[in-house]
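First residue of the sequence shown: 39, per the numbering used here; consecutive thereafter. Contents: one structure, followed by commentary.
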Amino acid sequence: MSSLTKCSGACPEHCDVAPNEFQLPPSPCPDLLVTNSVPSDYQTNEIHKVILDAKAEIFVLDDEIAGVRRALDRLELQRAKLEDFVKAHRGVVSTVRRLPSEILGEIFTHYLDASDSRAHSPEALSHLLGVCNQWRAITLASPPLWRHIFPDIWEELSREMQKTSLQLQRSAPAVLSIRLEAAKYQMNTVNIMDLLLTESRRWHSLFLDVHPSYHTHLATSRAQFPILEKLTLVLGDPSTEDTALFFRSLPALTDLHQENTTMVIPPD
39 MSSLTKCSGA
49 CPEHCDVAPN
59 EFQLPPSPCP
69 DLLVTNSVPS
79 DYQTNEIHKV
89 ILDAKAEIFV
99 LDDEIAGVRR
109 ALDRLELQRA
119 KLEDFVKAHR
129 GVVSTVRRLP
139 SEILGEIFTH
149 YLDASDSRAH
159 SPEALSHLLG
169 VCNQWRAITL
179 ASPPLWRHIF
189 PDIWEELSRE
199 MQKTSLQLQR
209 SAPAVLSIRL
219 EAAKYQMNTV
229 NIMDLLLTES
239 RRWHSLFLDV
249 HPSYHTHLAT
259 SRAQFPILEK
269 LTLVLGDPST
279 EDTALFFRSL
289 PALTDLHQEN
299 TTMVIPPD
């Protein structure tokens, strides 16, 4: 419709606009737009005509907009695919891929040491195992990654024993950091403790938040702790002579933290 065509240049008939700028059609009744006067029959017919013409132009614009949106969606999809392509190929030439396995293993160890202690559990280590075959092989062949052992005494015993045994195997010959928490005496914890005691010579750090009865078990186990340097002991009950006897079996102990304890030192 001629009234809705875009001006090709300066438009003295309507207004001074830049070329190709959209121009609304002239109103057949501009005075009626600002009053409540009733249009004549002729004006009513003219108004209906411009409404129909404008609606037809709206339909045309809607089609054009839909076409532009489809084109934009297509371009965005193409861009996303190219981004994935670049990312995949950039990874192939990344510096990390060229690092020796020993260096990657050290990076993994420092990363885990800087994070929460629970990050060293077998479940948490699975994110390293699942990245790629190379990272899995490095993780499995890096004993320091498996040296932090925190048994879950509430877990089903056979499952926890299997998990702890696997960590002991994978951590060898690295020194061990052990954390044991047990508010009361129960066989599950005793069984797990006995399993850990098979590698007592590798114990380097020990956190004990357990009932004093476990100290008796440690003191009478005849296990040796030649490199145990750090001990954190949390006691809700007074310590026993066996607690002190356990201390005496730690020749390398240099870092001791205790809470709520009254030591009973046995006679020499």
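By construction, the Cβ of each residue, glycine as well, lies at the ideal position given by its N, Cα and C atoms. Computed from a predicted structure; not experimentally measured.
Please report how far the alpha carbon of HIS295 lies from the alpha carbon of GLN200, in whole angstroms. About 31 Å.
Beta-carbon proximity list for GLU84, same chain, < 6 Å, skipping 5 on both sides: Cβ neighbours of GLU84 beyond the five flanking positions: PRO66.
Taking Cβ positions, are HIS253 and ASP232 nearer each other than 8 Å? No, Cβ-Cβ distance for HIS253 and ASP232 is not below 8 Å.
Buried/exposed call for LEU71, threshold 16 Cβ in 10 Å: Classification of LEU71: exposed, given that the 10 Å Cβ count is below 16.
Count the C-beta pairs between the region 169 to 188 and the region 211 to 230 that are closer than 8 Å, then say yes if the count reaches three, no if not. The answer is yes - the region 211 to 230 touches the region 169 to 188, with three or more Cβ pairs under 8 Å.
Determine the DSSP secondary structure at HIS295, reduced to helix, strand or coil. Look at HIS295 here: in three-state DSSP terms it is strand.
Check for me: the alpha helix (DSSP H) holding PHE97 runs from which residue to which? Per DSSP, PHE97 belongs to the alpha helix (DSSP H) from 79 to 130.
By Cβ distance, which residues of its chain are closer than 7 Å to SER203, with the 5 residues on each side in sequence left out? Within the same chain, LEU233 come within 7 Å of SER203 by CB-CB distance, once the 5 residues on both sides are set aside.
Assess contact between the region 121 to 133 and the region 93 to 109, defined as three or more Cβ pairs (one per stretch) separated by less than 8 Å. Is contact present? Counting Cβ pairs under 8 Å, fewer than three are found: no touch.
C-alpha distance - PRO64 paired with VAL76, whole-angstrom precision: Going from the Cα of PRO64 to the Cα of VAL76 covers about 19 Å.
What's the C-alpha gap between VAL134 and ILE96? VAL134 and ILE96 have their C-alpha atoms spaced approximately 56 Å apart.
If you count every other CB in all the chains shown that lies within 10 Å of the CB of LEU120, and 16 or more means buried, which is it? Exposed.
In whole angstroms, give me the CA-to-CA distance for LEU271 and ARG217. Approximately 10 Å, taken between the alpha carbons.
Neighbour-count burial assignment, GLY143, 16 or more Cβ in a 10 Å radius: Buried.
Let me confirm a value: THR177 is counted as buried when at least 16 other C-beta atoms fall within 10 Å, else exposed. Which label applies? Counting Cβ neighbours within 10 Å, THR177 comes out buried, since at least 16 surround it.
Under the three-state reduction of DSSP, which class applies to ALA157: helix, strand or coil? With a pLDDT of only 47 at ALA157, under the threshold of 50, the placement of this residue in the model should not be trusted; the figure read from the coordinates follows. In the structure shown, ALA157 sits in a helix (DSSP, three-state: H, G or I).
Cross-strand partners of LYS268 (DSSP beta bridge): Bridge partners of LYS268: SER243, ASP293.
Give the single residue among LEU273, MET225, LYS125, ILE265 whose Cα lies nearest to the Cα of LEU291. The option with the nearest alpha carbon to LEU291 is ILE265.
How many whole angstroms separate the CB atoms of PHE284 and LEU256, which I take to be in contact at a CB cut-off of 8 Å? For a cut-off of 8 Å, the C-beta gap from PHE284 to LEU256 is around 5 Å, short enough to register as a contact.
Residue closest to SER259, alpha-carbon to alpha-carbon, out of LEU269, ASN229, LEU273: It is ASN229 whose Cα lies nearest to the Cα of SER259.
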